[in-house]
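Beneath this line is the structure, given in structure tokens, with notes to follow.
In this note's numbering, the protein residues as written are 454 to 757.
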């Protein structure tokens, strides 16, 4: 059995509104982020500013989120959306996704999952380019959902959680390789196919559906295939996210469509599952090399 620990960020956000600005970040770090300190250490995201040339956890969060010191009174309406039902739904979605693996005899190795939800900033490119919701679940035992709460994003919570649970289970079995392009497209493709298996095609994320695959698949396949030798996350991510998001981080445009790696990964894994008849749960714990060795024909096949 496993335990799910919900970190109720909404309760902390409410406290921030009436707090002096210069005290908010410290309070939020203590009440919410401290639970994820090990996760951030593994990701080499500095938890304390004095360690890291003025780049710390809040610099990182500020790329996509409303940082605690900037919470305003009119954010209360967003915070209210993260009510008891919201957290109950999140917990249910975590359990449902894990249960799917258990039923396929893929047993979780982690005994506790720590979960929270953070307020996204709709003015940040990494939010609005992803239709205002994203997740972070690649470190086993930790899941963070980031969203701008509204009727649309709240309806996508279950699928975002399923996507992150797929990553979470995968990296309980498969060693992270530092972010090779091969690993990234396989992992993201697995996660989106898992979402589809749980909730249907309507819940596939915008990082797949926003790109016209029929129009762009030849370009995308060539871009990805010709760069599969990239073995580090810094060079891989432009191919995963595409030019729009890369430019928001100061990167140079390279002619890569939005979320090209996600889209390619989704269709690659779909091709793999149909070819091998492997279940999505069993495929999730296979290495990228094992999966890619089965899909050589994918790169030259027109997938509609």
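We treat Cβ as the ideally placed atom computed from N, Cα and C, and that holds for glycine.
Bear in mind that the values here come from a model prediction, so they are computed numbers and not experimental data.
Delimiting residues of the beta strand (DSSP E) encompassing residue i
i, result
"residue 458", "456 to 460"
Spatial neighbours of residue i in its chain, beta-carbon cut-off 7 Å, leaving aside the 5 residues before and after
i, result
"residue 646", "719, 722, 723, 726 and 733"
"residue 481", "465, 469 and 521"
"residue 698", "578, 579 and 582"
"residue 717", "638, 673, 674 and 677"
"residue 472", "480"
"residue 751", "721 and 724"
"residue 565", "455, 456, 458 and 594"
"residue 644", "616, 619 and 620"
"residue 602", "531, 534 and 535"
"residue 467", "532"
"residue 625", "561, 562, 563 and 593"
"residue 686", "631 and 632"
"residue 627", "738 and 740"
"residue 681", "634 and 635"
Reduced DSSP secondary structure (H/G/I, E/B, other) of residue i
i, result
"residue 569", "strand"
"residue 600", "strand"
"residue 485", "coil"
"residue 696", "helix"
"residue 586", "strand"
"residue 595", "strand"
"residue 690", "helix"
"residue 439", "In this structure the chain extends from 454 to 757, so residue 439 is not present and cannot be described."
"residue 500", "coil"
"residue 629", "coil"
Element boundaries [alpha helix (DSSP H), containing residue i]
i, result
"residue 742", "741 to 745"
"residue 719", "713 to 729"
"residue 649", "634 to 652"
"residue 578", "578 to 581"
"residue 707", "Taken as a continuous stretch (DSSP letters only), residue 707 belongs to no alpha helix (DSSP H), as it is neither H nor E."
"residue 659", "659 to 662"
"residue 667", "666 to 678"
"residue 540", "537 to 556"
"residue 736", "733 to 737"
"residue 609", "Residue 609 -> no alpha helix (DSSP H), and no H or E assigned at all."
"residue 491", "490 to 495"
"residue 517", "Per DSSP, residue 517 belongs to no alpha helix (DSSP H) and is neither H nor E."
"residue 533", "529 to 533"
Anticipated Cβ contact below 8 Å, residue i with residue j, distance rounded
i, j, result
"residue 666", "residue 712", "Not really, about 11 Å apart at Cβ, beyond 8 Å."
"residue 532", "residue 618", "25 Å between Cβ atoms; not a contact."
"residue 634", "residue 689", "4 Å"
"residue 592", "residue 496", "7 Å"
Sequence-distant residues of its chain with Cβ nearer than 6 Å to residue i (five each side left out)
i, result
"residue 609", "586"
"residue 669", "710"
"residue 502", "509"
"residue 500", "490, 493 and 510"
"residue 651", "615"
"residue 484", "465"
"residue 708", "none"
"residue 641", "715 and 718"
"residue 584", "659"
Residue i: CB within 6 Å of a non-hydrogen atom of the ligand NAP
i, result
"residue 525", "Here there are no bound small molecules, and the ligand NAP is not part of this structure."
Own chain residues within Cβ distance below 8 Å of residue i, not counting five before or after
i, result
"residue 517", "573, 574, 577, 579, 580, 587 and 599"
"residue 747", "725, 728 and 729"
"residue 547", "457, 566, 568, 596, 614 and 618"
So, do the segment 590 to 599 and the segment 521 to 530 have three or more beta carbon pairs nearer to each other than 8 Å?
no
Does the segment 583 to 591 come close enough to the segment 557 to 565 that 3 or more CB-CB pairs lie under 8 Å?
These segments do not touch.
Say whether the segment 566 to 582 touches the segment 461 to 474, bearing in mind that this needs 3 or more beta-carbon pairs closer than 8 Å, one atom from each stretch.
yes
Should the segment 606 to 620 be regarded as contacting the segment 693 to 700, the criterion being three or more beta carbon pairs within less than 8 Å?
no
Looking at C-beta atoms only, is the number of pairs between the segment 650 to 657 and the segment 671 to 678 that lie closer than 8 Å three or more?
no
Cβ contact (3+ pairs, closer than 8 Å) linking the segment 529 to 543 and the segment 483 to 491
no
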